[in-house]
Amino acid sequence: MLGELSAHFEMDTIDWLLMALVGMIVGMSKVGIGGFYAAVIPIMAFIFGPKASTGVLVPILIFADIMAVSYYRRAATWKYIRQLLPWTFVGLGLGVWIGDMIDDQTFKNVLAVVVLGGAAILVWLEIRKLKEIPDYPWFSAIIGILGGFSTIVGNFAGPVMTVYLLSMRLPKTGFIGTAAWFFFIINLVKIPFHLFVWKTVTWSSFQLDLWIIPTIILGAVLGIQLVKLFSESFFRQFTIAFTVLSALLIFL
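Just so you know, the numbering used here puts 69 at position 68 of the sequence shown, and the rest follows in order with no gaps.
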């Protein structure tokens with residue numbers, strides 16, 4: 002079966018090693034070490050192409066989501082999830098509509114602009130050191146639409162969601178738990194679009210994803226232990242720094 006999958010996706014040994022690395026990074030990112038996720042998008046795009054890679058990645062994300070919500074199931078702040086979800090669905094719809102009409106290069110450029118915009122907002126908030134939480138309906142609407150669009154276009158809503166949750170001044174476990182439940186719901190909603198609209202999730206891609214599960218588990222276990230070592234202030238600084246880095250990487 003492994004040989005058939007390699008032939009079907011034209012993958013060599015290096016590609017499989019990169020996929021194993023992707024599994025570890027996704028596992029770590031879902032339990033709190035989210036900054037490393039920036040490397041996933043260019044790796045997956047290198048192996049499968051920008052658009053096709055989104056369908057291969059979604060089941061991997063969902064399995065890691067299950068691990069994250071299982072561990073942080075009581076840490077979520079559902080108020081913020083409820084505020085974001087309706088607008089996120091709007092962004093998902095826009096992403097499906099626009100993404101089905103553009104080529105891979107334009108797809109990549111749109112994603113880069115979205116991520117850089119989110120990073121710029123986050124840096125601006127930190128420079129100004131705003132103490133007031135921007136818990137306004139318009140702020141939730143903007144973040145929700147951007148997050149929905151970027152998650153369907155490139156599975157890269159993490160920086161946008163980071164802007165929102167850090168702005169809400171959530172503690173470390175609250176940040177991770179809220180993000181875990183939010184993305185678990187969103188990634189499940191995305192599956193029908195990838196199956197029936199873009200047709201980027203197939204039986205072959207799902208079989209490939211199954212081979213990556215052990216590395217996802219390894220990454221999640223490692224990530225949980227690392228998060229325990231982070232102080233609240235270091236966790237925030239670490240997350241901000243790697244969000245900016247992720248924006249630059251996807252742009253380049």
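Idealized CB from N, CA, C, for every residue including glycine.
Pick helix, strand or coil for E233, following the three-state DSSP scheme. helix
Top-ranked residue by Cα proximity to F231, from I217, G56, V32, L189: V32
In chain order, what residues of the same chain have a beta carbon less than 7 Å from the beta carbon of Q1, not counting five sequence neighbours either side? Since the first and last residues shown for the chain are 2 and 253, residue 1 lies out of range.
Under the rule that 16 or more other beta-carbon atoms within 10 Å means buried, what is S30, buried or exposed? buried
Chain-order list of residues whose beta-carbon lies under 6 Å from that of N156 (same chain, five-residue window excluded): T55, L58
May I ask you to report which of helix, strand or coil DSSP gives A16? Here residue 16 turns out to be Asp, not Ala, going by the sequence shown. If DSSP states are grouped into helix, strand and coil, D16 belongs with the helices.
In chain order, what residues of the same chain lie with their CB nearer than 7 Å to the CB of Y73, ignoring the 5 residues before and after it? T174, I177, G178, A181
Between the CA atoms of K52 and A46 - distance to the nearest angstrom: A46 and K52: Cα-Cα distance of roughly 8 Å.
With distance defined between alpha-carbon atoms, name the residue in L19, I26, F64, M68 nearest to F49. Distance from the Cα of F49 is smallest, within the candidate group L19, I26, F64, M68, for L19.
The alpha helix (DSSP H) that contains L171, what's its start and end? Where L171 is concerned, there is no enclosing alpha helix (DSSP H), given that its DSSP letter is neither H nor E.
Under 8 Å, with one C-beta from each stretch per pair, do the region 219-226 and the region 195-208 reach the 3-pair mark? no
Judging by CA-CA distance, which residue of F90, A40, M25 is the nearest neighbour of I146? F90
Spatial distance of I26 from R170 (CA atoms): 25 Å
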